[in-house]
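**Q** If you're matching positions, the sequence shown starts at 99 in the numbering used here and goes up one per residue. Here a beta-carbon is modelled for each residue, glycine too, at the ideal position from N, C-alpha and C. This is the structure I want to talk about, given as structure tokens.
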Amino acid sequence: MTALAPLPYETPADSRDLAVMRQQLGRDMRGVVSVARRCGCGRPAVVRTAPRLEDGTPFPTSLYLTLPWLTLELSRLESTGLMAELSDRLAVDEELAAGYRRAHERYLARRAEIGEADEVRHISAGGMPTRVKCLHALAGQALAEGPGVNPVADEVLATLDGVLPDLVCRCSSTGTEEPATDEEPAR
């Protein structure tokens with residue numbers, strides 16, 4: 099595979115980002131390489147993580163969704179049985195399945211840019227390439243890469259207000275984050 103274009107929204111992660119991630123997740127985020135996509139207010143939304151964590155643990159989810167309101171929305175969709183419906187569609191829709199396989203291959207190639215972990219070398223995320231197992235992981239890829247890379251995630255994200263084409267800020271409505279201030283400029 100040829101070299102991939104840089105992730106379109108990727109920015110370095112700093113100590114303030116790590117503190118926000120801790121607030122978003124309720125724990126420290128491990129293996130942070132960069133912020134692959136930010137919320138409209140500048141907070142991390144998708145974090146790029148190393149394929150091997152600091153303690154040596156392999157970690158296949160290299161594009162990790164951290165944005166609380168979107169995580170909640172995707173969990174709500176998962177509870178409706180949508181993943182099974184999408185998996186069933188992959189079995190009969192050759193075009194969708196081919197796009198999903200390409201998304202899987204791109205996920206592997208993108209992770210290989212930052213390192214390898216033999217234990218997860220052929221494992222991407224979200225159930226790719228044959229089923230839909232985690233909408234959060236698929237959304238992480240779609241938001242980090244931009245539209246047209248993961249057709250399943252693009253379809254799901256298109257059903258949610260405030261995600262496409264721009265990721266709008268709803269952080270102040272989650273009750274767990276406060277809006278950005280002058281001291282925390284949006285990037």
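Checking the sheet assignment: what are the DSSP bridge partners for Y107?
**A** As a first step, residue 107 must be located in the sequence shown, where it is residue number 9. Per DSSP, none; premise fails for Y107.
**Q** Enumerate, from N- to C-terminal direction, the unbroken beta strand (DSSP E) stretches of 3 or more residues contained entirely within the stretch 160-231.
**A** 161-163
**Q** Is the CB-CB distance between S222 and L206 below 8 Å?
**A** In the sequence shown, residue 222 corresponds to position 124, counting from 1. In the sequence shown, residue 206 corresponds to position 108, counting from 1. Result yes, Cβ atoms of S222 and L206 sit closer than 8 Å.
**Q** Are the beta-carbon atoms of V247 and V230 separated by less than 8 Å?
**A** As a first step, residue 247 must be located in the sequence shown, where it is residue number 149. As a first step, residue 230 must be located in the sequence shown, where it is residue number 132. With contacts defined as CB atoms closer than 8 Å, V247 and V230 fail to qualify as a contacting pair.
**Q** For I221, would you say it is in contact with chain D, using Cβ-to-Cβ distances shorter than 8 Å as the test?
**A** The structure shown has no chain D; it contains just one protein chain.
**Q** Is the distance from the Cβ of R128 to the Cβ of L163 below 8 Å?
**A** Indexing the sequence shown from 1 puts residue 128 at position 30. Indexing the sequence shown from 1 puts residue 163 at position 65. Taking 8 Å as the Cβ cut-off, R128 and L163 do not qualify as a contacting pair.
**Q** Find the nearest neighbour of A134 within the set G154, L165, R120 and R199, judged by alpha-carbon distance.
**A** On the sequence shown, residue 134 is found 36 positions in, with the first residue counted as 1. Comparing Cα-Cα distances from A134 to each of G154, L165, R120 and R199, the minimum goes to L165.
**Q** Within the same chain, show all residues whose beta-carbon is closer than 8 Å to that of H82, passing over the 5 residues directly before and after it, in chain order.
**A** Any question about residue 82 goes unanswered here, given that the chain covers just 99 to 285.
**Q** Use the C-beta contact count for D80: other C-beta atoms within 10 angstroms, 16 or more gives buried, fewer gives exposed.
**A** What the structure shows of the chain is the stretch from 99 to 285, and residue 80 is not part of that stretch, so it cannot be assessed.
**Q** For the alpha helix (DSSP H) containing R120, list its first residue and its last residue.
**A** As a position in the sequence shown, residue 120 is number 22, starting the count at 1. From DSSP, the alpha helix (DSSP H) with R120 extends over S113 to L123.
**Q** Assuming A251 is part of the alpha helix (DSSP H), what are its boundary residues?
**A** Residue 251 sits at position 153 when you count from the first residue of the sequence shown. Its alpha helix (DSSP H) spans residues P249 to L255.
**Q** Based on the DSSP output, what are the partners of T147 in its beta bridges?
**A** As a first step, residue 147 is located in the sequence shown; it is residue number 49 there, counting from the start. DSSP output for T147 lists V130 as bridge partner(s).
**Q** Give every residue of the same chain whose Cβ lies closer than 7 Å to the Cβ of L172, excluding the five residues on either side of it in the sequence, and list them in chain order.
**A** The residue you call residue 172 lines up with position 74 of the sequence shown. The residues are L233, H234 and A237.
**Q** Compare the C-alpha of S160 against each of T257, A256, D112 and A215 and name the closest.
**A** Mapped onto the sequence shown, residue 160 falls at position 62. Answer by Cα proximity: A215.
**Q** Rounded to whole angstroms, how far is the Cβ of G138 from the Cβ of D264, which I believe are closer than 8 Å?
**A** Sequence index remark: in the sequence shown, residue 138 carries index 40 (1-based). Sequence index remark: in the sequence shown, residue 264 carries index 166 (1-based). Indeed they touch by this definition, with Cβ atoms about 6 Å apart.
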